[in-house]
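All residue numbers for the sequence shown refer to our numbering, where the first residue is 3 and numbers rise by one.
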Amino acid sequence: MFRKLTLAALSYIVTVALMALQKPLFLLWYAPRAAEATAAELAAVSLHGLLLDSTTAGYIAVAPWLLMLAAVWIPVPEWAMRRMLDTYFIIISVIVALIVSVDMGLFRYWDFRLDSTVLLYLRTPKEAAASVTAADMWPALALFVAYGATMIAAYLPLSKIYRAERASLGRRASSSLALLLVGGLLFLAIRGGTSTAPANVSKVYFSDNMFLNQAATNPVFSFLSSAASPELAADDYRYFSDSERERIFGSLRGGHDATAHTTHVLATRRPNVVLVLLESFGRTVTDAVIEGDSVTPNLARAAREGIRFDNMIANSFRTDRGQAAVMSGFPAHPVVSIMKNPNKAHTLPAIARSLRREGYTTTFTYGGDADFTNTMSYLYGTGIERVTDQRDLRFDAPTAKWGYADDVVCDYFANEVLELAAEGRPFFATLLTLSSHEPFDVPYDRFENRILNAAAFTDRCVGQMLDRWRRSSAWDDMLVILVADHGIAYPDDLQIGELARQRIPMIWTGGAVREPMEIDTYASQIDLAPTLLAQMDIDRSEFVYGTDIFDPSEPHFGFWTFNNAFGMIDGGGYVVYNCTADAVTDSAGDANTIERLAEHGKAIVQTLHDDIRQR
């Protein structure tokens, strides 16, 4: 029985080693680019890459493990079991070698690891073959043969370990328990450990050098995970002809490329920018007053002292989509999250990338696991230089389900911002709070309602952070932007997509704000990037979906999506449209307004859908 346990374990161990072999091969294949990295960085490629290597190996080792578990109770002749194992390992070797060789050849042109994009080209094999030269083909073919042969040579001895054995009932039971323990370890490997975030490409990202991150990525995992994601069909959301869609969408952009008409509300064109993303902060929470007490008095103070945006709309209902909307000015799709597709997410414009071109240092801090929903990959891919998350913080403090509570993280971030200010270089620093996320487990007891109590806790933490900055000289040149990633179901009868749930706070405060004001213009998260860059006289032409909130000549509206539906609002009314039913499900305003808003929303959705498909 020991042989079965050994065979199952070695199937995993050998596969990990074979997967890890891809890293030095990749670096050798692209030696000129690898030569620009330090020895420590090259070592980090293999070290960080082990996580997805282990995950991929876990999937591959499941079949031998199941065969060994079954063989404990079902007598299988040695020749039959060895044939099954050999056949399986040969098939796996061929598939993996094919993925590795194709990936190695295509990376030169794509600059990202193999994903399901390659399947699109297989639909037109003649055209795809015409794009392949002999110079590309022969090295890839040689790699396919060599890597496949290496895998087969490593795997085939494993089947010889198997023996058909007779054993007592007790020994069979103990062997089953041992194999089940191995199965549990395989499950952990497949999941990527015990952290909140399951295995994803983002977990291996460790640098602002995208080549190193790509080198650490396992191409087998990258391909299979993207292939398992829902595909965006070309004929989905086809409401208009291309010319009509372009006309309608163009009318929503206004004078997009201009900054001359904006109203400048900042005292300086180059402030240090601090972005605080407030987890699950809807207006129904921030506006709540319980027995005369404001739930969020510190946000209320910041709003009084700075610029309060009264008609801000969240583009979605999830952090990953809201984050892309805020930081990249990119709307949420009604079905898919672009952040979960790293190769597409890296192509997005981003505030961080725009400011980095202007000499800004760019950082991101989060008290939880930044690998969740491929956040780490998105951040490094869009211009963030340094990401700090739970693994880096290591506070002497307990963690909740999602990570460290906002009190210790806000204190850390307050120090970081002051240190960045002391360096004298302009900076863009982002904080994503955490404690106001379900299950709302916070070291605080002010309100009976858990949602309100968690929001009050975060408000206190953010307020203390703002007070520290106010007392420092850094405040004079600082613009602090407080905005929610999405709303929340408070009261609990608020449904996803309902207008009241999409309303969120956005506040600009800091010494860089010229004077307090209230803005009643309708806007959504996608407008933040073009609005901020217009204030800083920085080109914003990449941000094609949003408009400048402070430019009266541009169209102003709020747009959001959810569950294959969208919403659209402006000063005339609003509409909620179900794309599946092809019908308006909620609205306000006259018939012409409802028809106009539905048309505008359809044009945005169609544009967005085609945009994501083409990236």
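Note that the Cβ used here is the ideal one computed from N, Cα and C, for glycine as well.
- Bounds of the beta strand (DSSP E) holding ARG388 are 388-390.
- Per DSSP, reduced to three states, the secondary structure at ARG503 is helical.
- Judged by DSSP secondary structure, THR8 falls outside any beta strand (DSSP E) and instead within the alpha helix (DSSP H) spanning 4-22.
- At a Cβ-Cβ threshold of 8 Å, LEU277 and ASP487 do not count as neighbours.
- The way I'd put it, the stretch 543-551 doesn't touch the stretch 581-589; fewer than three beta-carbon pairs between them come closer than 8 Å.
- For THR587, the enclosing beta strand (DSSP E) begins and ends at 585-590.
- Here LEU9 really is in contact with LEU160; their C-beta atoms are around 6 Å apart, less than 8 Å.
- The Cβ atoms of ALA22 and LEU53 do not sit closer than 8 Å to each other.
- Per DSSP, reduced to three states, the secondary structure at GLY575 is strand.
- Each residue's CA atom was taken as its position, placing LEU226 and ILE97 some 11 Å apart.
- With a threshold of 16 other beta carbon atoms within 10 Å, GLN392 meets it and is buried.
- In this structure, the CA atom of ALA151 is about 8 Å from the CA atom of SER95.
- The C-beta distance from SER438 to PHE283 rounds to 6 Å, short enough to meet the 8 Å contact threshold.
- Contact between the stretch 310-330 and the stretch 461-472 is not established, with fewer than three Cβ pairs separated by less than 8 Å.
- As the crow flies, the alpha-carbon of ILE498 is around 42 Å from that of VAL104.
- VAL444 places its beta carbon less than 8 Å from that of ALA407.
- The DSSP-derived three-state label of LEU54 is helix.
- The alpha-carbon of THR349 is positioned some 44 Å away from that of ARG448.
- Looking at MET153, ARG173, ARG110 and ASP394, the one whose alpha-carbon comes closest to that of THR89 is MET153.
- Judged by DSSP secondary structure, TYR380 falls within the alpha helix (DSSP H) whose first and last residues are 377-383.
- Here the stretch 64-82 does not lie against the stretch 232-248, with fewer than 3 beta-carbon pairs under 8 Å apart.
- The closest CA to that of GLU387, considering only ASP210, THR219 and ARG396, is found on ASP210.
- By alpha-carbon distance to LEU254, the top candidate from ASP613, MET538 and ARG598 is ARG598.
- In the assembly as shown, MET508 is a buried residue. Its beta-carbon has 16 or more other beta-carbons within 10 Å.
- Bounds of the beta strand (DSSP E) holding TYR368 are 363-368.
- Under DSSP, LEU433 takes part in a beta bridge, and its partners are VAL278 and THR367.
- A distance below 6 Å between beta-carbons, with the five flanking residues on each side excluded, links PHE319 to the following residues of its chain, in chain order: HIS488, ILE498 and PHE564.
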